[in-house]
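Undergrad: After the structure tokens below, expect a handful of questions from me.
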Amino acid sequence: RFWYEATSWKDGSEIRQAGVDVTEVTNAFDSGMSLCVREVYEDLFNSFLDGKWNRCKILSRLWMERFPGDALVHNIVEYLQRHSFECPADWAGYHALTEK
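The sequence shown begins at 1 in my numbering and counts up one residue at a time.
This is the structure in structure tokens:
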């Protein structure tokens, strides 16, 4: 569970700075409505693409607590961790695949 420590945060200020409403995300998961859950996933993925990596980190943590087997989110977290969750200045909005 490397992702658990990798995606942790020190206090609520990091969550507020990223603009994540943890209660809203939890309510979306608890609603049982696939559309609400999908919106959380889309927010997570779009945060990655848009270079909002701190937001992506927090959403990834909440997502993996609920869906620990999600390989795609695990890969995103591994990629973000290699960059210390800091979006590079030359981020093009995608991760270039360098191998098959």
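Ideal placement from N, C-alpha and C gives every residue a C-beta, glycine not left out. These numbers come from a predicted model, not from an experiment.
Could you tell me the distance, in whole angstroms, from the CA atom of Leu35 to the CA atom of Ala18?
TA: Within the sequence shown, residue 35 is the residue found at index 35, counting from 1. Within the sequence shown, residue 18 is the residue found at index 18, counting from 1. Their backbone Cα atoms lie some 23 Å apart in a straight line.
Undergrad: Are the CB atoms of Val22 and Leu62 within a distance shorter than 8 Å?
TA: Position 62 of the sequence shown, counted from the start, is the residue given in the question as residue 62. Position 22 of the sequence shown, counted from the start, is the residue given in the question as residue 22. Cβ distance < 8 Å, so Leu62 and Val22 count as in contact.
Undergrad: Run the CB neighbour count on Asn54, radius 10 Å, all protein chains shown included, and call it buried at 16 or more, exposed below.
TA: The residue labelled residue 54 in the question sits at position 54 within the sequence shown. Under this definition Asn54 is a buried residue.
Undergrad: Between which two residues does the alpha helix (DSSP H) containing Tyr94 stretch?
TA: Locating residue 94 in the sequence shown gives position 94, where the first residue counts as 1. Premise fails: Tyr94 is in no alpha helix (DSSP H) and is neither H nor E.
Undergrad: With DSSP run on the structure shown, which of helix, strand or coil describes Phe67?
TA: Position 67 of the sequence shown, counting from 1, holds the residue named residue 67. In the structure shown, Phe67 sits in coil (DSSP, three-state: anything other than H, G, I, E or B).
Undergrad: Go to Ala18, then tell me how far its alpha helix (DSSP H) extends in each direction, as first and last residue.
TA: Within the sequence shown, residue 18 is the residue found at index 18, counting from 1. Taken as a continuous stretch (DSSP letters only), the alpha helix (DSSP H) holding Ala18 covers Gly12 to Ala18.
Undergrad: With Leu80 and Leu59 assumed to form a contact (beta carbons below 8 Å), what rounded beta-carbon distance in angstroms separates them?
TA: The sequence position of residue 80 within the sequence shown is 80, counting from 1. The sequence position of residue 59 within the sequence shown is 59, counting from 1. Contact flag wrong, Cβ pair sits at about 11 Å.
Undergrad: Would you decide whether Met64 is buried or exposed? Buried here means 16 or more other CB atoms lie within 10 Å of its CB.
TA: Here residue 64 refers to the residue found at position 64 of the sequence shown. Under this definition Met64 is a buried residue.
Undergrad: Among residues of its own chain, excluding the 5 on either side of Cys87, which ones have a beta-carbon nearer than 8 Å to its beta-carbon?
TA: Taking the sequence shown and counting its residues from 1, one reaches residue 87 at position 87. Spatial neighbours of Cys87 in its own chain (CB-CB distance under 8 Å, excluding positions within 5 residues in sequence) are listed in chain order as Gly51, Lys52 and Trp53.
Undergrad: Quick one: is Thr7 buried, meaning 16 or more other Cβ sit within 10 Å of its Cβ, or exposed?
TA: The residue given as residue 7 occupies position 7 in the sequence shown. With 16 or more Cβ atoms within 10 Å of its Cβ, Thr7 is classed as buried.
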